[in-house]
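As they're listed, the protein sequences go chains A and B.
The first sequence begins at 1 in my numbering and counts up one residue at a time.
The second sequence begins at 116 in my numbering and counts up one residue at a time.
Even for Gly, the Cβ is constructed at its ideal location relative to N, Cα and C.
Please read all numbers here as calculations on a predicted model, not as lab measurements.
Below you'll find the structure, written out as structure tokens, and then a few comments.
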Amino acid sequence: KNQVEQSPQSLIILEGKNCTLQCNYTVSPFSNLRWYKQDTGRGPVSLTIMTFSENTKSNGRYTATLDADTKQSSLHITASQLSDSASYICVVCRGRNTGFQKLVFGTGTRLLVSP
Amino acid sequence: NAGVTQTPKFQVLKTGQSMTLQCAQDMNHEYMSWYRQDPGMGLRLIHYSVGAGITDQGEVPNGYNVSRSTTEDFPLRLLSAAPSQTSVYFCASSYSFGTGGNTIYFGEGSWLTVV
Numbered sequence: 001k002n003q004v005e006q007s008p009q010s011l012i013i014l015e016g017k018n019c020t021l022q023c024n025y026t027v028s029p030f031s032n033l034r035w036y037k038q039d040t041g042r043g044p045v046s047l048t049i050m051t052f053s054e055n056t057k058s059n060g061r062y063t064a065t066l067d068a069d070t071k072q073s074s075l076h077i078t079a080s081q082l083s084d085s086a087s088y089i090c091v092v093c094r095g096r097n098t099g100f101q102k103l104v105f106g107t108g109t110r111l112l113v114s115p
Numbered sequence: 116n117a118g119v120t121q122t123p124k125f126q127v128l129k130t131g132q133s134m135t136l137q138c139a140q141d142m143n144h145e146y147m148s149w150y151r152q153d154p155g156m157g158l159r160l161i162h163y164s165v166g167a168g169i170t171d172q173g174e175v176p177n178g179y180n181v182s183r184s185t186t187e188d189f190p191l192r193l194l195s196a197a198p199s200q201t202s203v204y205f206c207a208s209s210y211s212f213g214t215g216g217n218t219i220y221f222g223e224g225s226w227l228t229v230v
């Protein structure tokens, strides 16, 4: 069964601290893995996209890693800010080179950055 | 550049009523799709389109209809609303879902309550 599991479900950290969110997946065939940020009441916004051959991708203070062998990914947030408070969703794109590829969504990690 | 625009933002329906959620994108994307987001679950695909005149079912299509007469618009119709359709609906678009990993853009969401 194609699944994406994220941990922890929720996390509270102090402003300025770092944190790491985890994503494990069992999706086949694998095309790429994406991390999204979803603010409360808003739509998901893309943070990073990694294909099979990429093991690290950064976007400002966000750094995603991918281990395709163990089917694990992480999202590291450096020097957190209050605006980082949001849900972070791991998404695995299933498919090959052509055609519409189905997305398998995790349920997200809800991050609260406290002042 | 508005991106992906969804209307309405909020809607309350009575059981059995019909309505249409509107989605428009101004990025000339071929691919458009509709998802629903329910508490404790990842986003699930309802219907998708790979171009004008071409639509297909996702994993939860029952109770919904779509059509794609133009590249820009992809409305989602609820034929006879049921309480189980209470959810947050997101429209998404992209150029393609190739292994290169094109960015998928989401709208801001439509909150639907069926009473």
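_Just to make sure I have the definition right: I need the residues of chain A whose C-beta is within less than 8 angstroms of the C-beta of residue 131 of chain B. Which are they?_
Ordered by position in chain A, no residue passes the 8 angstroms Cβ test against residue 131 of chain B, which lies about 28 angstroms from the chain.
_What are the residues in the stretch 138 to 159 of chain B lying within 7 angstroms of chain A by C-beta distance?_
Going along the stretch 138 to 159 of chain B in chain order, one finds 146, 155, 156, 157 and 158 with a Cβ nearer than 7 angstroms to chain A.
*Quick one: is residue 228 of chain B near chain A, going by C-beta distance under 8 angstroms?*
No, residue 228 of chain B does not count as interfacial toward chain A.
*chain B contact residues for residue 107 of chain A, given Cβ-Cβ distances below 8 angstroms*: Scanning chain B for C-beta atoms nearer than 8 angstroms to the C-beta of residue 107 of chain A yields 155, 156 and 157, reported in chain order.
*What does residue 219 of chain B reach in chain A if we use C-beta pairs closer than 7 angstroms?*
Under the 7 angstroms cutoff, chain A gives 46.
*asked:* Using a 10 Å radius around the Cβ and a threshold of 16 neighbouring Cβ atoms, would you call residue 73 of chain A buried or exposed?
replied: It counts as buried.
*residue 59 of chain A - containing beta strand (DSSP E), residue span*: Per DSSP, the unbroken beta strand (DSSP E) holding residue 59 of chain A starts and ends at 56 to 59.
*Just by C-beta distance, which residues in the stretch 54 to 86 of chain A are closer than 8 angstroms to chain B?*
Cβ contacts with chain B: none found.
*What does a CB cutoff of less than 6 angstroms around residue 92 of chain A pick up in its chain, not counting 5 residues either side in sequence?*
So the list reads 4, 25, 27, 33 and 104, once near-sequence residues are dropped.
*asked:* Given a cut-off of 8 angstroms on the beta-carbon distance, is the pair residue 179 of chain B and residue 162 of chain B in contact?
replied: Taking 8 angstroms as the Cβ cut-off, residue 179 of chain B and residue 162 of chain B qualify as a contacting pair.
*Close-in-space but distant-in-sequence residues of the same chain around residue 214 of chain B (CB under 7 angstroms, 5 per side omitted)*: Unreliable placement is indicated for residue 214 of chain B, whose pLDDT of 49 sits below 50; the coordinate value is still reported in the next sentence. Nothing meets the Cβ criterion.
*Go to residue 187 of chain B, then tell me how far its beta strand (DSSP E) extends in each direction, as first and last residue.*
Membership of residue 187 of chain B in any beta strand (DSSP E) is not indicated, and neither H nor E is assigned to it by DSSP.
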